[in-house]
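Enquirer: Residue numbers (the working numbering): 62 to 372.
No residue lacks a Cβ here, since even glycine has one placed at the ideal position from N, Cα and C.
Before I ask anything, let me first share the structure, which is written out below as structure tokens.
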Ligand code: ZN
């Protein structure tokens with residue numbers, strides 16, 4: 062029962078995409094509590110890494126909210142903090158997946174009792190890659206932008222990337238609230254965020270109103286815990302500025318790996334190596350980086366792959 066409840070909760074995460082000021086302002090908000098909880102459950106992340114990964118998963122969903130079918134957006138943080146680097150990938154259907162190099166890395170809390178995300182991240186680079194058509198072989202030249210990590214608190218890094226690399230002045234709020242346990246899994250109580258992008262043509266009055274709204278807005282996770290929907294989050298952040306909802310969609314942690322894909326990857330391994338796997342290990346085990354799912358190909362399965370390889 063408990064498991065079923067957890068599963069249904071992961072399905073209710075929502076994202077809203079809207080515009081304001083006749084399209085001169087683009088804004089999106091998302092609740093990602095289930096998505097981040099699923100990532101933490103799969104990767105057994107520490108509290109601070111859960112916050113770092115969860116904020117990045119949320120930021121990638123917001124940044125990727127206008128992706129078209131076959132598009133893919135990757136956010137990669139290459140850093141020297143204890144976390145040791147992070148990769149997150151969002152698709153056009155509201156699916157997102159991601160992993161960190163050292164999921165159990167942990168650092169002391171800040172003096173104010175908050176998780177020290179910037180410390181677990183450290184210094185380094187923040188990369189965003191837009192790709193299209195990769196999975197169906199219609200591969201276009203990807204677009205890749207990068208900026209140095211400015212704060213390591215993730216939201217500021219998304220904003221800095223958008224402003225510097227894509228020349229879109231932006232404000233970003235990302236939050237993950239965890240209730241930690243000394244050992245074992247991290248419990249994600251609330252996660253979500255919002256992003257406001259100022260396009261050319263936005264007037265000063267609108268920008269000032271948005272700045273005032275964002276400055277006065279309570280913390281994202283406070284709003285989510287109080288039961289706010291993504292639309293209500295936007296209403297708080299945009300203050301007096303009217304907005305028009307373009308799209309509401311579901312988001313979730315989702316990976317494209319499968320047993321069939323694992324078999325097809327194993328089939329590509331050198332014939333001699335396959336024989337030694339069969340002889341010494343009596344099968345093969347593959348673990349997906351992105352979702353930590355393990356696929357076991359038993360002796361019979363491996364024999365089959367070898368038969369096909371010989372044919
Ligand atoms: Zn996977």
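(1) Taking only heavy atoms of ligand 1 into account, decide whether any of them is closer than 6 Å to the Cβ of residue 351.
(2) Tell me whether residue 175 sits in a helix, a strand or coil according to DSSP, three-state version.
(3) Taking residue 263 as the reference, which of 73, 83, 77 has the closest Cα?
(4) Mind checking whether the beta-carbon of residue 315 lies closer than 6 Å to any heavy atom of ligand 1?
(5) Taking buried to mean at least 16 other C-beta atoms within 10 Å of its own C-beta, is residue 325 buried or exposed?
(6) Is it a yes or a no for the segment 182-191 touching the segment 213-230, going by three-plus beta-carbon pairs under 8 Å?
(7) Using CA coordinates, which residue listed in 90, 174, 120 is at the minimum distance from residue 304?
(8) Tell me the rounded alpha-carbon separation between residue 205 and residue 77.
(9) With a threshold of 16 other CB atoms inside 10 Å of the CB of residue 238, please say whether the residue is buried or exposed.
(10) Whose CA, out of 98, 343, 92, lies closest to the CA of residue 285?
(11) So what does residue 75 bridge to, in DSSP terms?
(12) Just how far apart, CA to CA, sit residue 363 and residue 370?
(13) Scan the segment 132-210 and note each continuous alpha helix (DSSP H) run of 4 residues or more that stays entirely inside, going in chain order.
(14) Tell me whether residue 321, by its Cβ, gets closer than 6 Å to a heavy atom of ligand 2.
(15) Do residue 121 and residue 149 come within 7 Å of each other at the CB atom, strictly closer than that value?
(16) Measuring CB to CB, does residue 179 end up less than 7 Å from residue 127?
(17) Could you give the uninterrupted runs of the beta strand (DSSP E) lying entirely in the segment 238-318, keeping only those of 3 residues or more?
(18) Kindly indicate which three-state DSSP category residue 120 falls into: helix, strand or coil?
(19) In angstroms, rounded to a whole number, what distance separates the CA positions of residue 181 and residue 331?
(20) Find out if the Cβ-Cβ distance for the pair residue 271, residue 257 is shorter than 7 Å.
(21) Could you give the distance in angstroms between the alpha-carbon of residue 115 and the alpha-carbon of residue 252?
(22) Taking just the CA atoms, how far does residue 81 sit from residue 215?
(23) Of the residues 309, 175, 110, which one's Cα is nearest the Cα of residue 155?
(24) Count the other CB atoms within 10 Å of the CB of residue 99; is the residue buried (16 or more) or exposed (fewer)?
(25) Out of 157, 132, 334, which one is the CA nearest neighbour of residue 202?
(26) When you compare the segment 332-343 with the segment 94-113, are there three or more beta-carbon pairs, one atom per stretch, that lie closer than 8 Å?
(27) Which partner residues of residue 357 appear in the DSSP bridge assignment?
(28) Pull up the distance between the alpha-carbon of residue 85 and that of residue 277, whole angstroms please.
(29) Quick check on residue 298: buried or exposed, where buried means 16 or more other Cβ atoms within 10 Å of its Cβ?
(30) Give me, in chain order, the residues of the same chain whose beta-carbon lies closer than 8 Å to that of residue 346; leave out the 5 immediate sequence neighbours on both sides.
(31) Taking the continuous alpha helix (DSSP H) assigned at residue 328, which residues delimit it?
(32) For residue 118, which residues in the same chain have their Cβ closer than 7 Å to its Cβ, ignoring the five residues on either side in sequence?
Expert: Reading off the structure:
(1) yes
(2) coil
(3) 83
(4) no
(5) By the neighbour-count rule (16 or more Cβ atoms within 10 Å), residue 325 is not buried but exposed.
(6) These segments touch.
(7) Per the Cα distances, 90.
(8) Their backbone Cα atoms lie some 25 Å apart in a straight line.
(9) buried
(10) When only C-alpha atoms are compared, the closest one is 92.
(11) 92, 311
(12) 10 Å
(13) 178-182
(14) You won't find ligand 2 in this model; what it holds is ligand 1.
(15) In this structure, residue 149 lies near residue 121, with their beta-carbon atoms less than 7 Å apart.
(16) no
(17) 248-259, 304-311
(18) In the structure shown, the three-state DSSP call for residue 120 is helix.
(19) 39 Å
(20) yes
(21) Cα-Cα distance, rounded: 7 Å.
(22) 25 Å
(23) 309
(24) buried
(25) 132
(26) no
(27) 346
(28) 22 Å
(29) Residue 298 comes out buried.
(30) Within the same chain, and ignoring the five residues on either side of residue 346 in sequence, the residues whose Cβ sits closer than 8 Å to its Cβ are 355, 356, 357, 358.
(31) 320-328
(32) 93, 96, 97, 100, 149, 157, 159
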